[in-house]
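A.B. asks:
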Amino acid sequence: MKRLLASLVLVFAFCGASAGQESRVDQILDRLLHANAHRDHVMVVAHRGSWWKDGEIVEAENSIASIERSVSLGVEMVELDVQKTADGRFVMLHDETLDRTTSCKGPVVEKTLAELGACRLVVEGTGRQTSETVPTLEQVYDAVRGRILLNIDIKLGVEELAEVVRIARGMGIDRQIVTKARTGKPAEIEAAKATLRRIEADAVFMPILDDRDVTGIEQIRATYEAFRPEAIEVLNRWPAGAPLTADGGLNFAPEAKALAVAHDTHLWVNTLFQGAKANLAGGRGDPLAVGPGATDDGWGFWVRAGATMLQTDEPEALVAYLQSIGARKPYE
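Note that the sequence shown covers residues 1288 to 1619 in my numbering.
Okay, structure coming up:
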């Protein structure tokens, strides 16, 4: 898949160059598909869109507004969540219920798309309702078209990825889509491979390696060999009160990083503002980097460790930090 995608990027870039321009998406894809050539640049992924600022929620998550803010900040990718309605439509929502993020209550799977039209997205913790309803997958595809990459976090079975990508292909934006699934266990590898065999499109697939599942380098090697991935999402879990990770865990061990270089693969870390219980960055996440007492022991640690993609709830601050340390290279 890596070779095919790289060829397509060259085709698009050549066509753009012949018209006197190369699109922003072409340039982002070039950096995504050629990790080794761009290890001096850290790509930024806005988790559920850009909805946090300086430790406070300022937009509705998984909203069109959060996509627009992400584009304006210059980040490379937004990560959004996918659920399904009672009538089988894909919509962008993190939770199984509507309670936290909309003006409605109850499971999303019990509502038709038409019924969701009465539900307004809310800015969590503020009580403020927005003018937006829960966006459909198609509306989000239109919003990102030609502007930014989209990472799909599907809250359904991995087998649903094929349909999500089929819709993207039908709308002509499959090359902007990054899908993902867990691959730390042999059964997960086989399930992901079975799904990928059904995907006849140019979307990128990113394995997820959770350090709860990975106990040895051979498990990591199995994922690299099975998928030859453009990126691997690494989860470094941090129990409340535990010491901050000193080395990034097994996925950042020298032998594991050598595999990333050998396969031209990005290492992606989630630094999210999710609190200690769900911290996925070994304690070195957004809370260390933003607010009183902020240090570079969060984002800076992962940059020094070799991460070249950071998913954050604080994209504006992260972009500024990376620029300040020379870890963002301008796009043309």
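By construction, the Cβ of each residue, glycine as well, lies at the ideal position given by its N, Cα and C atoms. The structure displayed is predicted, hence computed values, not measured ones.
So, using beta-carbon positions, are Ala1614 and His1381 closer together than 8 Å?
C.D. replies: no
A.B. asks: In this structure, what does DSSP give as the bridge partners for Ala1468?
C.D. replies: Pro1494
A.B. asks: Hey, would you say Glu1520 sits closer than 8 Å to Ile1504, going by beta carbons?
C.D. replies: no
A.B. asks: CB-CB under 6 Å to Asp1497, same chain, minus the five flanking residues each way: which ones, in chain order?
C.D. replies: Gly1471 and Leu1522
A.B. asks: Report the three-state DSSP secondary structure of Asn1566 (helix, strand or coil).
C.D. replies: Coil at Asn1566, not helix or strand.
A.B. asks: Looking at the structure shown, is Thr1350 part of a helix, part of a strand, or coil, going by DSSP?
C.D. replies: Checking the sequence, you will find Ser at residue 1350 rather than Thr. It is coil, neither helix nor strand.
A.B. asks: Report the residue ranges of all beta strand (DSSP E) runs contained in full by the stretch 1487 to 1532; include only those spanning at least 3 residues, in chain order.
C.D. replies: 1491 to 1497 and 1518 to 1522
A.B. asks: State the Cα-Cα distance for the pair Ile1612 and Asp1374, rounded to the nearest angstrom.
C.D. replies: 49 Å
A.B. asks: Rounded to the nearest angstrom, what separates Arg1456 and Val1345 at their Cα positions?
C.D. replies: Going from the Cα of Arg1456 to the Cα of Val1345 covers about 32 Å.
A.B. asks: Classify His1550 as helix, strand or coil using the three-state DSSP reduction.
C.D. replies: coil
A.B. asks: Grab me the residues of Gln1506's own chain with a C-beta within less than 7 Å of its C-beta, minus the 5 sequence neighbours each way, in chain order.
C.D. replies: Gly1471
A.B. asks: Could you tell me whether the stretch 1409 to 1421 touches the stretch 1431 to 1443, where touching means 3 or more Cβ pairs closer than 8 Å?
C.D. replies: no
A.B. asks: With a cut-off of 8 Å on the beta carbons, I'd call Leu1436 and Val1465 a contact; round off their distance for me.
C.D. replies: 6 Å
A.B. asks: If we call anything under 8 Å between Cβ atoms a contact, is Val1548 one with Ala1594?
C.D. replies: no
A.B. asks: Comparing alpha-carbon positions, which option in Lys1340, Gly1342 and Leu1424 lies nearest Asp1368?
C.D. replies: Leu1424
A.B. asks: With a threshold of 7 Å on Cβ separation, who are the neighbours of Gly1569 within its own chain once the five nearest residues in sequence on each side are excluded?
C.D. replies: Excluding its 5 nearest sequence neighbours in each direction, Gly1569 has C-beta neighbours in its own chain below 7 Å: Asn1523, Trp1525, Leu1531, Thr1532, Gly1535 and Gly1536, listed in chain order.
A.B. asks: Give the list of continuous alpha helix (DSSP H) stretches no shorter than 4 residues that lie fully inside the stretch 1324 to 1388.
C.D. replies: As far as the stretch 1324 to 1388 is concerned, its whole alpha helix (DSSP H) runs of at least 4 residues are 1351 to 1360.
A.B. asks: Can you tell me the Cα-Cα spacing of Val1491 and Ser1353, whole angstroms?
C.D. replies: 22 Å
A.B. asks: With DSSP as the reference, label Val1556 as helix, strand or coil.
C.D. replies: DSSP places Val1556 in the strand class (E or B) of the three-state scheme.
A.B. asks: In angstroms, rounded to a whole number, what distance separates the CA positions of Ala1509 and Gly1585?
C.D. replies: Distance between the alpha carbons of Ala1509 and Gly1585 is about 29 Å.
A.B. asks: Kindly indicate which three-state DSSP category Leu1408 falls into: helix, strand or coil?
C.D. replies: strand
A.B. asks: Please classify Thr1399: is it buried, with 16 or more other beta-carbons within 10 angstroms of its beta-carbon, or exposed?
C.D. replies: Exposed is the label assigned to Thr1399, since fewer than 16 other Cβ atoms lie within 10 Å of its Cβ.
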